[in-house]
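Scroll down for the structure; my scribbles are underneath it.
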Amino acid sequence: MTVSPSLAASIGVNFYGGMFTIAPSASPGIVPAINWNNIAGGSGTNITLNDDTATATTTQLTFNSTGAYNGCTVINTPNAATNTLYRSGIYGDNATREVSISLWGISYSSYDLYVFASADTTVTNQLSISYGTTTFYYASGGQFNSGATALLQTTSTTSGSPTTGRAQYQLFSGLTGSSVTLTTGGAITHTISNNIFGFQIVNTAQPVPESSMIMGLVFFGGGLFAVSRRKNQN
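For the sequence shown, counting from 1, position 127 maps to 126 in numbering that gives the first Met the number 0; every step adds exactly one.
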């Protein structure tokens, strides 16, 4: 019997520019799930996304950016797939355009949206990513993401006081609508700065455990066994 590592139904997307794809069996990010969608290029229209069972969903993706970039610095978390996720992504440059990501046809009645966006640059300008009335603000703190051993959640929603550090991600929680539009802000002219490496939509209509260990009971061959699953090590 094969057991998926997923804790919840989900849809994962890895943006890349021709290198650094996520293997179907790999599970990057925060909530464990396999079968991520590898999306190439700096823009795309009406792309059907698969879920973590590799099944096509009703969810469609359209995105626009300045381009896709493969030269992001190497992070060093315990999860090799997370390290690969942060090697390439789409980016904005205010000499051209910011990043815009639109999703629709999301069938989950409630869900969390994890966005993996971070400033892989020594430039300290404040950057942002928004959905609806929520905007998260982040900055590099003068360092590339290189060598980060864990992901850092962006928690600041106050302009002028960004969350500062390497290898950041953002969580838009408790969403219920069938569509989402994300936009970035603060892109630095002629600098690959506000990289969006990918995102993950996680169904919360079914329970998603919050603790580091989740215990359950599974029947195998008429016997009852305890099993446990752990959240990803960032």
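All C-beta atoms in this analysis are idealised placements derived from N, C-alpha and C, irrespective of residue type, glycine included. Note that the structure is predicted; figures quoted are calculated from it, not measured.
Nearest residue (CA-CA) to residue i, options the options
{"i": "Tyr137", "options": "Asn194, Ser101 and Ser172", "result": "Asn194"}
{"i": "Ala116", "options": "Asn124, Gly141 and Arg165", "result": "Arg165"}
{"i": "Pro23", "options": "Ile29, Trp103, Ile10 and Gly16", "result": "Ile10"}
{"i": "Thr132", "options": "Tyr110, Leu174 and Ile33", "result": "Leu174"}
{"i": "Ile187", "options": "Tyr15, Gln152 and Val122", "result": "Val122"}
{"i": "Thr148", "options": "Asn78, Ile128 and Ser178", "result": "Asn78"}
{"i": "Asn34", "options": "Ile128, Leu151 and Ile21", "result": "Ile21"}
{"i": "Thr203", "options": "Ser178, Ser172 and Thr183", "result": "Ser172"}
{"i": "Ser155", "options": "Leu170, Ala8, Phe135 and Gly141", "result": "Phe135"}
{"i": "Ser109", "options": "Asn37, Ala39 and Ser178", "result": "Ser178"}
{"i": "Gly104", "options": "Asn124, Leu48 and Gly146", "result": "Leu48"}
{"i": "Ile128", "options": "Leu170, Leu151 and Gly146", "result": "Leu170"}
{"i": "Gly176", "options": "Asn36, Leu150 and Tyr107", "result": "Tyr107"}
Beta-carbon proximity of residue i to residue j, cut-off 8 Å
{"i": "Leu126", "j": "Gly185", "result": "yes"}
{"i": "Thr72", "j": "Asp92", "result": "no"}
{"i": "Gly85", "j": "Val98", "result": "Inspection of the sequence shows that residue 85 is occupied by Tyr rather than by Gly. For Tyr85 and Val98, no; Cβs fall outside 8 Å."}
{"i": "Gln199", "j": "Gly28", "result": "yes"}
{"i": "Phe143", "j": "Thr162", "result": "no"}
{"i": "Ser101", "j": "Thr180", "result": "yes"}
{"i": "Asp51", "j": "Ala32", "result": "yes"}
{"i": "Gly197", "j": "Asn63", "result": "no"}
{"i": "Tyr130", "j": "Val201", "result": "no"}
Buried or exposed (CB count within 10 angstroms, at least 16 for buried), residue i
{"i": "Ala55", "result": "exposed"}
{"i": "Thr76", "result": "buried"}
{"i": "Ser139", "result": "buried"}
{"i": "Ala53", "result": "exposed"}
{"i": "Asn45", "result": "exposed"}
{"i": "Thr157", "result": "exposed"}
{"i": "Ser160", "result": "exposed"}
{"i": "Ser211", "result": "In this predicted model, Ser211 has a pLDDT of only 39, less than 50, meaning its place in the structure is not dependable enough to derive any value."}
{"i": "Thr81", "result": "buried"}
{"i": "Glu209", "result": "Summary for Glu209: the model assigns pLDDT 47, below 50, so the residue's position carries little reliability; its value from the coordinates is reported in the next sentence. Burial call: exposed."}
Whole-Å CB distance - residue i paired with residue j, under 8 Å assumed
{"i": "Phe19", "j": "Thr83", "result": "5 Å"}
{"i": "Thr153", "j": "Tyr168", "result": "7 Å"}
{"i": "Ala67", "j": "Gly41", "result": "5 Å"}
{"i": "Gly146", "j": "Ile74", "result": "7 Å"}
{"i": "Tyr15", "j": "Asn37", "result": "6 Å"}
Residue-chain proximity (residue i, chain B), Cβ-Cβ < 8 Å
{"i": "Thr175", "result": "In the structure shown, chain B cannot be found, because there is only a single protein chain."}
Which runs of the beta strand (DSSP E) fall wholly inside the stretch 13–64 and span at least 3 residues, in chain order? Listed in chain order, they are 36–39, 43–49 and 55–63.
Hey, which unbroken runs of the beta strand (DSSP E) at 3 residues or more fall wholly within the stretch 112–143? For the stretch 112–143, whole beta strand (DSSP E) runs of length 3 or above, ordered along the chain, are 126–130 and 133–138.
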